[in-house]
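Below you can see the structure in the form of structure tokens.
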């Protein structure tokens, strides 16, 4: 049942996974992505009476999550994630496909701005204009980021994405 | 490639979404509730302290006439304390110097390894420096925990004092706080440094500290197991998935001090082979080719250390050959 304005539970249910998958692609770390998405929703909840009246409350959560993702908060929180993401009971969870792992590994090779642009464009469905506004740069810059990133990814994903690197 | 990329993103997105475990809206409510409670308690404590402080100040009799002395310069005292602290052969994780003020606090992220807190105080009196771990917001434990406490005597020619401690995995943030100053407080300068037995200080955001990164895997081929592990405990025992087969390589990386032991077992419990991964900072990948097994296999991972209850973090990948 849809409420107007929407309830916190409705927005959470509709957008948590979609937002987390973007952050997952950006960090390459599911647990860290989940933590940041959850923190963004917690911040929204603490001021929900205001946020719920925005035209698009989910956009506020998304913006907050991405701000957290590139902020000092994220770096400070990583201490917890490092250990937790390898907890012994984790292997029992269903993992993502190998193709996703390869894609995330290839994205990790990109500079952060290019990686953000790719994730926001392909997974967040943001337009070039919206990405430019979020990043505070010209649209041409975003186009350039996407162009370079596509070139890099084409090279990486066209190469051997299977197997194990031997050291 | 652009269209191909769109396809790849669209095709892989569902599998990534399936791997996501939302903590839930109720968990968010719980977190917000805890934070509000904490904030209210802190505010109440400040108000009580202010009221009590005001009452005590009002009750205090007028001080007797004293021989006037020129106050020592806190800046110079702080500088003296820094000099007395000396230099360190390894890079410092945290290094601070300050005029001694009750309640002064500095913060840092969590550092790995065995840590040494070394401090000096120049001036009169003494102080206590506390290391306080702040639990993550989603931890069951919500109250800060004192991880170490160091009494630091102040002197004109200060001598360094030190103590050892570790920052547990539950504390992503740490405060260093002056909790006790001799009364009446006299001018003094404090300097302290924290070093780690990892050599160069390693924090969790440092990929070099992460055993998973140390493996340099480019796919999830095979089967992986990882996590925290403590010496002297049973360890981790589980079945090896059938897709790994009986002929595989073992790739291991372990962060800590000691040895990670990986036993390959038959269903009967008989050991097929054992490999040992040296644990170190930063963790490094080791490759092994254990003897070929047959039938249903299991694995057992234990941690061996000369220190009882020492812990390490590891990642082991079994890759079919």
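Protein chains in written order, with this note's numbering: chain V, 227 to 393; chain C, -7 to 313.
We put the CB at the ideal spot given by N, CA and C, even for glycine.
Predicted, not measured: the structure shown is a model, and the values here were computed from it.
{"Item": "Using only the alpha-carbon positions, how far apart do residue 378(V) and residue 262(V) sit?", "Value": "27 Å"}
{"Item": "Can you check whether the C-beta of residue 280(C) is within less than 8 Å of a C-beta belonging to chain V?", "Value": "no"}
{"Item": "Determine the closest residue to residue 145(C) out of 126(C), 116(C), 136(C), 123(C), with distance taken between C-alpha atoms.", "Value": "116(C)"}
{"Item": "What's the gap between the Cα of residue 213(C) and the Cα of residue 339(V)?", "Value": "30 Å"}
{"Item": "Output needed for residue 70(C): all residues of its chain with C-beta closer than 8 Å, excluding positions within five of it in sequence on either side, in chain order.", "Value": "89, 90, 91, 114, 181, 182, 183"}
{"Item": "Flag residue 376(V) as yes if its beta-carbon sits less than 8 Å from any beta-carbon of chain C, otherwise no.", "Value": "yes"}
{"Item": "Grouping DSSP H, G and I as helix and E and B as strand, with all else coil, what is residue 346(V)?", "Value": "helix"}
{"Item": "Can you have a look at residue 68(C) and say buried or exposed, based on whether 16 or more other CB atoms are within 10 angstroms of its CB?", "Value": "exposed"}
{"Item": "So for residue 280(V), helix, strand or coil by DSSP?", "Value": "coil"}
{"Item": "Residue 39(C): buried (16+ other C-beta within 10 angstroms of its C-beta) or exposed?", "Value": "exposed"}
{"Item": "Taking 8 Å as the threshold (C-beta atoms), are residue 348(V) and residue -3(C) in contact?", "Value": "yes"}
{"Item": "Going along chain A in order, which residues have a C-beta closer than 9 Å to the C-beta of residue 363(V)?", "Value": "Although the question refers to chain A, the structure presented lacks it and instead comprises the protein chains V and C."}
{"Item": "Can you give me the C-alpha to C-alpha distance between residue 5(C) and residue 372(V), rounded to a whole angstrom?", "Value": "19 Å"}
{"Item": "Just grab the DSSP bridge partners of residue 169(C) for me.", "Value": "97(C), 122(C)"}
{"Item": "My assumption, with CB atoms under 8 Å, is that residue 176(V) sits in contact with residue 266(V). Please give the rounded CB distance.", "Value": "A query on residue 176(V) cannot be resolved here, the shown segment of chain V reaching from 227 to 393 and no further."}
{"Item": "Does residue 4(C) come out as helix, strand or coil in the three-state DSSP assignment?", "Value": "helix"}
{"Item": "Pull the bridge partners of residue 186(C) from the DSSP assignment, please.", "Value": "86(C), 109(C)"}
{"Item": "Jot down the residue ranges of each uninterrupted alpha helix (DSSP H) in the stretch 187 to 230 of chain C, minimum 4 residues, whole runs only, in chain order.", "Value": "203 to 207"}
{"Item": "List, in order along the chain, the chain V residues whose C-beta lies closer than 7 Å to that of residue -3(C)?", "Value": "348, 376, 379"}
{"Item": "Near residue 189(C), what residues of its chain come up, given a Cβ to Cβ distance below 6 Å and the 5 sequence neighbours on each side ignored?", "Value": "105, 106"}
{"Item": "For a test of the three-state rule: what should DSSP assign to residue 145(C), helix, strand or coil?", "Value": "strand"}
{"Item": "Any beta carbon from chain V within less than 8 Å of residue 59(C)'s own beta carbon?", "Value": "With a pLDDT of 46 at residue 59(C), under the threshold of 50, the predicted position of this residue should be treated as unreliable, and no value is reported."}
{"Item": "Just to confirm before moving on: does the CB-CB distance between residue 203(C) and residue 306(C) stay below 8 Å?", "Value": "yes"}
{"Item": "Do residue 185(C) and residue 99(C) have their C-beta atoms closer together than 8 Å?", "Value": "no"}
{"Item": "Output the boundary residues of the beta strand (DSSP E) element that contains residue 303(C).", "Value": "303 to 312"}
{"Item": "Buried or exposed for residue 333(V), please, with buried defined as at least 16 other CB atoms from any protein chain shown within 10 angstroms of its CB.", "Value": "buried"}
{"Item": "Could you have a look at residue 317(V) and say whether DSSP puts it in helix, strand or coil?", "Value": "Confidence at residue 317(V) is low in this model, with a pLDDT of 43, below 50, so the placement of that residue is unreliable and no value is reported for it."}
{"Item": "Closest to residue 16(C) by CA distance: which of 237(V), 248(V), 384(V), 353(V) is it?", "Value": "237(V)"}
{"Item": "Under 8 Å between the Cβ atoms of residue 322(V) and residue 283(V)?", "Value": "no"}
{"Item": "Roughly how many whole angstroms lie between the Cα atoms of residue 278(C) and residue 245(C)?", "Value": "6 Å"}
{"Item": "For residue 12(C), which of helix, strand or coil comes out of DSSP?", "Value": "coil"}
{"Item": "DSSP state of residue 256(C), grouped into three classes?", "Value": "strand"}
{"Item": "Just the chain V side, please: which residues come within less than 8 Å of residue 4(C) by C-beta, in chain order?", "Value": "322, 323, 325, 326, 329"}
{"Item": "Decide yes or no for the touch test of the stretch 116 to 128 of chain C against the stretch 192 to 200 of chain C: beta carbon pairs closer than 8 Å, at least 3 of them.", "Value": "no"}
{"Item": "Rounding to the nearest angstrom, what Cα-Cα distance links residue 32(C) and residue 273(V) in this structure?", "Value": "17 Å"}
{"Item": "Along the beta strand (DSSP E) that carries residue 295(C), what are the first and last residues, could you check?", "Value": "289 to 296"}
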